[in-house]
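In our numbering, the protein residues as written are 1 to 226. For each residue, glycine too, the CB sits at the ideal point set by N, CA and C. Working notes, beginning with the structure itself.
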Amino acid sequence: MTSIEVLRDRLDGVRSGISEAARQAGRDPRAITTIVVTKFHPAQLVRQLHGLGVRNFGENRHQEAQAKAAEVRDLDLVWHFIGQLQSKKARQVRSYARVVHSLDRASVVDALASHEHSIDCFVQLNLTDDEGRGGVRDSELERLTERVISTRGLSLLGVMAVAPVGEDPRAAFARMRAASERVMSIVPTARFISAGMSGDYREAILEGATHLRIGSAITGNRPTGG
Ligand SMILES: *Cc1c(COP(=O)(O)O)cnc(C)c1O
Numbered sequence: 001m002t003s004i005e006v007l008r009d010r011l012d013g014v015r016s017g018i019s020e021a022a023r024q025a026g027r028d029p030r031a032i033t034t035i036v037v038t039k040f041h042p043a044q045l046v047r048q049l050h051g052l053g054v055r056n057f058g059e060n061r062h063q064e065a066q067a068k069a070a071e072v073r074d075l076d077l078v079w080h081f082i083g084q085l086q087s088k089k090a091r092q093v094r095s096y097a098r099v100v101h102s103l104d105r106a107s108v109v110d111a112l113a114s115h116e117h118s119i120d121c122f123v124q125l126n127l128t129d130d131e132g133r134g135g136v137r138d139s140e141l142e143r144l145t146e147r148v149i150s151t152r153g154l155s156l157l158g159v160m161a162v163a164p165v166g167e168d169p170r171a172a173f174a175r176m177r178a179a180s181e182r183v184m185s186i187v188p189t190a191r192f193i194s195a196g197m198s199g200d201y202r203e204a205i206l207e208g209a210t211h212l213r214i215g216s217a218i219t220g221n222r223p224t225g226g
């Protein structure tokens with residue numbers, strides 16, 4: 001188990017990195033939400049981080065997320081689902097996640113439709129040329145956005161992206177920012193951007209990210225890889 005002192009140091013390190021990048025971008029760091037990604041780590045780590053003031057947590061696999069959320073259901077947390085979703089599982093994600101970051105095709109959007117409470121969501125944009133990667137193709141962005149806003153039970157926050165491996169993240173995030181503007185021309189309130197991981201959150205902040213998804217810089221290396 002990671003000691004609370006080590007966790008506190010890593011959190012402080014990331015928080016000051018965020019403040020510095022925000023200052024550089026002329027932005028208010030308080031307007032940036034940090035989601036700590038706890039995939040592959042036990043629920044005990046979520047409890048420790050909660051003790052250090054973290055309230056937003058991210059997971060990328062449904063079964064693991066569901067089990068972990070259940071183990072810490074006594075805590076007041078916001079769970080973010082950030083991984084690829086199968087339409088078959090999408091509905092179940094509604095039971096614990098307040099935000100889904102990975103809407104990338106019509107079937108997933110349709111599966112999340114509901115007459116019950118609304119959940120917040122992001123449309124995920126694929127910044128690579130590889131169709132196998134998560135995210136909607138750039139040319140399909142408007143179509144998927146329209147589908148989300150005409151679906152009951154979904155409230156669109158904005159766009160989400162992962163920087164491609166082997167490319168300057170700043171350049172990739174600049175494309176994402178342009179995509180965000182296209183989405184905002186359809187839905188002016190969808191002004192949020194989910195981007196930035198342990199290795200590239202500074203570049204993401206410089207390109208307007210409002211929701212960072214940070215794992216290993218805070219949690220340490222994942223126990224079983226991934
Ligand atoms: C794992 C993961 C992260 C966090 O990655 P780190 O490099 O550990 O910060 C962010 N976003 C997604 C979609 C992830 O799967």
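Best match in the options for proximity to residue i [C-alpha to C-alpha]
i: Leu-212; options: Val-72, Ala-106 and Phe-173; result: Phe-173
i: Gly-134; options: Ala-190, Val-6 and Gln-84; result: Gln-84
i: Arg-175; options: Ala-25, Ala-65, Val-187 and Met-160; result: Met-160
i: Gly-158; options: Ser-185, Tyr-96, Ala-106 and Val-123; result: Val-123
i: Thr-33; options: Arg-47, Arg-170, Val-78 and Gln-24; result: Val-78
i: Phe-81; options: Asn-60, Asp-110, Arg-55 and Gln-66; result: Asn-60
i: Leu-125; options: Thr-145, Leu-154 and Ala-97; result: Thr-145
i: Ser-185; options: Ser-216, Ile-149, His-50 and Gly-215; result: Ile-149
i: Ile-245; options: Arg-10, Met-1 and Gln-24; result: Any question about residue 245 goes unanswered here, given that the chain covers just 1 to 226.
i: Val-46; options: Ala-31, Val-93, Glu-64 and Asp-110; result: Glu-64
Exposed unless 16 or more other CB atoms sit within 10 angstroms - verdict on residue i
i: Arg-202; result: buried
i: Val-165; result: exposed
i: Pro-42; result: exposed
i: Val-265; result: Beyond the ends of the chain as shown, which are 1 and 226, falls residue 265; an answer cannot be given.
i: Asp-227; result: Given a span of 1 to 226 for the chain in the structure shown, any question on residue 227 remains unanswerable.
i: Ser-180; result: buried
i: Pro-188; result: exposed
i: Ala-171; result: exposed
i: Gln-44; result: exposed
i: Ile-4; result: exposed
i: Gln-66; result: buried
Inter-residue spacing [alpha-carbon to alpha-carbon] between residue i and residue j
i: Leu-127; j: Leu-141; result: 12 Å
i: Ala-178; j: Ser-139; result: 13 Å
i: Leu-52; j: Arg-8; result: 7 Å
i: Leu-19; j: Val-162; result: Strictly speaking, residue 19 in this sequence is Ser, with Leu absent from that position. Approximately 21 Å, taken between the alpha carbons.
i: Lys-68; j: Ser-102; result: 19 Å
i: Gly-58; j: Ile-35; result: 6 Å
i: Gln-86; j: Val-108; result: 7 Å
i: Lys-39; j: Ser-198; result: 14 Å
i: Ala-15; j: Glu-207; result: For clarity, residue 15 is Arg in the given sequence; the question names Ala instead. Taking the straight line from one Cα to the other gives about 18 Å.
i: Asp-130; j: Ala-97; result: 28 Å
i: Leu-112; j: Arg-91; result: 5 Å
i: Ser-155; j: Ser-118; result: 6 Å
i: Met-1; j: Pro-223; result: 11 Å
i: Val-72; j: Leu-49; result: 12 Å
i: Arg-62; j: Arg-23; result: According to the sequence shown, residue 62 is His rather than Arg. Using only the alpha carbons, I get a separation of about 36 Å.
As assigned by DSSP and simplified to three states, the class of residue i
i: Gly-153; result: coil
i: His-115; result: coil
i: Arg-61; result: coil
i: Ser-95; result: coil
i: Met-197; result: coil
i: Gly-225; result: Here the model assigns Gly-225 a pLDDT of 49, short of 50, so the residue's position is not dependable, and the following value carries that caveat. Three-state result, Gly-225: coil.
i: Ser-3; result: coil
i: Val-165; result: coil
Cβ separation of residue i and residue j, assumed to be a contact under 8 Å, to the nearest whole Å
i: Val-99; j: Asp-120; result: 4 Å
i: Arg-147; j: Ala-106; result: 5 Å
i: Arg-27; j: Ile-205; result: 7 Å
i: Ser-114; j: Arg-152; result: 6 Å
i: Ala-209; j: Gly-196; result: 5 Å
Near ligand 3: residue i beta-carbon under 6 Å from a heavy atom
i: Ile-214; result: Judged by which ligands are present, ligand 3 is missing from the structure shown, whose ligands are ligand 1.
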